[in-house]
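Count along the sequence shown from 1, then add 14; that gives the number in the working numbering.
Right, one structure below, let's go through it.
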Amino acid sequence: MTATRLYGTAVARARDRLHPRLTHRSAWTAQLGALPVIEGTVIRLQVEHLPSGATPEPVWLWWSGPDATTVQVDRLWQAFLRRSSTPSVCSSRPWAGPARRSALLKPQTAGPG
Numbered sequence: 015m016t017a018t019r020l021y022g023t024a025v026a027r028a029r030d031r032l033h034p035r036l037t038h039r040s041a042w043t044a045q046l047g048a049l050p051v052i053e054g055t056v057i058r059l060q061v062e063h064l065p066s067g068a069t070p071e072p073v074w075l076w077w078s079g080p081d082a083t084t085v086q087v088d089r090l091w092q093a094f095l096r097r098s099s100t101p102s103v104c105s106s107r108p109w110a111g112p113a114r115r116s117a118l119l120k121p122q123t124a125g126p127g
């Protein structure tokens with residue numbers, strides 16, 4: 015258990031040497047026969063509350079490192095929370111509203127040469 019500023023108490027539990035079930039060959043078109051087994055670590059992250067006030071659900075994270083240490087697991091879930099709380103990396107930001115027209119029509123400046 016770790017206390018966080020935005021999410022209250024966070025609890026992370028990890029299991030290593032697990033692998034996702036590959037069901038599509040899209041990335042493995044050249045692979046003949048059975049699809050490969052890719053071992054990794056699964057992390058279940060539960061936080062006390064969300065900044066938005068919504069009810070938090072557990073989040074499952076998968077990392078391709080098969081032998082994660084406690085320090086690595088802590089870094090991974092903390093990086094996830096840090097990234098998910100930064101609006102600039104979110105692909106959908108309904109709270110930001112549409113882009114301002116003036117920003118879209120900003121004149122281009124010519125470079126040297």
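No residue lacks a Cβ here, since even glycine has one placed at the ideal position from N, Cα and C.
This one's a predicted model, so the numbers in the text were calculated from it and none came from an experiment.
Between residue i and the rest of its own chain, which residues show a CB-CB distance below 8 Å, the 5 nearest in sequence each way excluded?
i: TRP91; result: ALA24, ALA26, ILE57, LEU59, LEU75
i: GLN45; result: ARG39
Go ahead and pull the three-state DSSP assignment for residue i.
i: ALA44; result: coil
i: LEU90; result: helix
i: THR84; result: helix
i: ARG97; result: helix
i: GLY67; result: coil
i: ILE52; result: coil
i: GLY22; result: strand
i: LEU36; result: coil
Can you list, in chain order, the residues of its chain whose CB lies under 7 Å from that of residue i, leaving out five sequence neighbours each side?
i: ALA82; result: ALA28, ASP30, THR55
i: PRO72; result: ARG58, LEU59, GLN60
Can you list, in chain order, the residues of its chain with a C-beta nearer than 6 Å to that of residue i? Leave out the 5 residues immediately preceding and following it.
i: LEU64; result: PRO70
i: THR18; result: ALA24
i: LEU36; result: LEU49
i: VAL85; result: none
i: ALA113; result: Caution is warranted here: a pLDDT of 48 is assigned to ALA113, below 50, making its placement in the model unreliable, and the coordinate value is therefore given only provisionally. So the list is empty, once near-sequence residues are dropped.
Closest to residue i by C-alpha separation, out of the options, would be which residue?
i: SER98; options: LEU46, LEU20, GLN86; result: LEU20
From the beta carbon of residue i, is the nearest beta carbon of chain C less than 9 Å away?
i: SER66; result: No chain C appears in this structure, which consists of one protein chain only.
Is the separation between the beta-carbon of residue i and that of residue j shorter than 9 Å?
i: VAL51; j: LEU95; result: no
i: ASP88; j: THR43; result: no
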